[in-house]
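Following the working numbering, the numbering of the sequence shown begins with 46 at its first residue and continues without gaps.
Read the structure below first, then the notes.
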Amino acid sequence: MFPVGFQTIDGRMSPLPAHSTSQGTSMPPPFRCVVFSVAGQALALPVEAVRRFLPLPRLDRLPTAPLPVEGVFRYQGELVPVLRMDVLLDLVPFDSVAGAPAPGLYSPLLLVTWQGRPAALLADQVHGDTLVEPAERTPSDPALSFNGCAAGAFPDRVTGRGGSVTLLQPDRLLNEAEGRLLDAFRASAERRLAQWQAPAEANDEADGEASAGNGTA
Numbered sequence: 046m047f048p049v050g051f052q053t054i055d056g057r058m059s060p061l062p063a064h065s066t067s068q069g070t071s072m073p074p075p076f077r078c079v080v081f082s083v084a085g086q087a088l089a090l091p092v093e094a095v096r097r098f099l100p101l102p103r104l105d106r107l108p109t110a111p112l113p114v115e116g117v118f119r120y121q122g123e124l125v126p127v128l129r130m131d132v133l134l135d136l137v138p139f140d141s142v143a144g145a146p147a148p149g150l151y152s153p154l155l156l157v158t159w160q161g162r163p164a165a166l167l168a169d170q171v172h173g174d175t176l177v178e179p180a181e182r183t184p185s186d187p188a189l190s191f192n193g194c195a196a197g198a199f200p201d202r203v204t205g206r207g208g209s210v211t212l213l214q215p216d217r218l219l220n221e222a223e224g225r226l227l228d229a230f231r232a233s234a235e236r237r238l239a240q241w242q243a244p245a246e247a248n249d250e251a252d253g254e255a256s257a258g259n260g261t262a
């Protein structure tokens with residue numbers, strides 16, 4: 046399901062590093078990208094933007110979730126919202142999102158860091174990584190802005206479909222207002238789930254004490 050070795054990729058969500066231009070005639074070094082598909086589109090992120098690939102876990106779906114949030118799960122003690130890339134990139138009609146089927150069991154997640162907190166991007170398929178020479182990078186198709194996230198394109202050598210791959214700018218996936226709404230939702234979700242976890246933990250402790258008492262009677 047995932048390319049070999051991708052589980053060890055670790056980094057922070059950040060824009061592509063600037064390359065030195067001190068030598069006017071020297072070419073900047075090639076850069077490596079992760080290629081994946083969403084709604085039939087071949088897309089890519091810089092490898093340093095992707096911390097890890099995860100299989101889709103069981104998600105808690107909250108009624109207060111914004112439309113782009115498929116659900117939440119806990120990873121290493123933190124609440125992680127799962128963001129639908131097809132919605133973020135404006136690849137599906139707005140009125141079709143609510144009735145869309147749930148993601149499949151093998152839908153991959155791209156774990157990233159957004160403003161210091163983890164978030165997961167829901168993709169249809171991860172194809173692998175590729176090294177892109179600066180000379181191969183071209184402007185993205187003006188007709189496909191991907192909600193303003195497109196930062197360029199390069200030849201598709203990974204998916205087997207030919208054509209080009211659109212490179213996404215990681216820090217454009219959410220605008221400032223969307224980032225604030227996501228933070229507010231995360232805080233609300235943490236409070237809501239905590240209300241359910243506390244009684245459950247208390248019941249588990251009570252059951253354990255009752256079992257111990259029965260054993261000593």
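Quick reminder that beta carbons are idealized off the backbone N, C-alpha and C, glycines included.
Per DSSP, cross-strand counterpart(s) of residue i
{"i": "leucine 155", "result": "Phe98 and Leu166"}
{"i": "cysteine 194", "result": "Cysteine 194 pairs with nothing; no bridge assigned."}
{"i": "glutamate 123", "result": "Tyr120"}
{"i": "serine 71", "result": "Serine 71 pairs with nothing; no bridge assigned."}
{"i": "valine 171", "result": "Phe81"}
{"i": "alanine 89", "result": "Val80 and Leu212"}
{"i": "proline 200", "result": "Ser209"}
{"i": "aspartate 131", "result": "In DSSP, aspartate 131 forms no bridge with anything."}
{"i": "threonine 183", "result": "Ala198"}
Residues near residue i by beta carbon distance below 6 Å, same chain, minus five either side
{"i": "phenylalanine 118", "result": "Pro102, Leu104 and Val125"}
{"i": "proline 195", "result": "Residue identity differs from the one stated: residue 195 is alanine in this sequence, not proline. Here the set comprises Ser185 and Thr211."}
{"i": "leucine 136", "result": "Ala84"}
Expected contact under 8 Å - CB spacing of residue i and residue j to nearest Å
{"i": "alanine 94", "j": "methionine 130", "result": "In fact, because the Cβ distance is near 13 Å, the residues do not count as touching under 8 Å."}
{"i": "asparagine 192", "j": "leucine 134", "result": "5 Å"}
{"i": "alanine 165", "j": "leucine 128", "result": "7 Å"}
{"i": "proline 179", "j": "proline 75", "result": "7 Å"}
{"i": "proline 148", "j": "glutamine 170", "result": "Not a contact, Cβ separation roughly 12 Å."}
Nonlocal neighbours in the same chain, by C-beta distance under 7 Å from residue i, ignoring five residues either side
{"i": "cysteine 78", "result": "Ala89, Leu90, Pro91, Val92, Asp174, Thr175, Val177 and Leu212"}
{"i": "arginine 263", "result": "Any question about residue 263 goes unanswered here, given that the chain covers just 46 to 262."}
{"i": "glycine 197", "result": "Arg182, Thr183, Pro184, Ser185 and Leu212"}
{"i": "alanine 234", "result": "Leu107, Val117 and Leu124"}
{"i": "glutamine 242", "result": "none"}
{"i": "proline 111", "result": "Leu226 and Phe230"}
{"i": "threonine 66", "result": "Unreliable positioning characterises threonine 66 in this predicted model, as indicated by a pLDDT of 48, which lies under 50. The coordinate reading is nonetheless provided below. Within the same chain, threonine 66 has no close Cβ partners at all."}
{"i": "proline 200", "result": "Glu181 and Ser209"}
{"i": "proline 163", "result": "Tyr120, Glu123, Val125 and Leu156"}
Heavy atom of the ligand COA within 8 Å of residue i beta-carbon
{"i": "leucine 226", "result": "You won't find the ligand COA in this model; it holds no ligand whatsoever."}
Quick one: complete beta strand (DSSP E) runs, 3+ long, within the segment 215-243?
Runs found: none.
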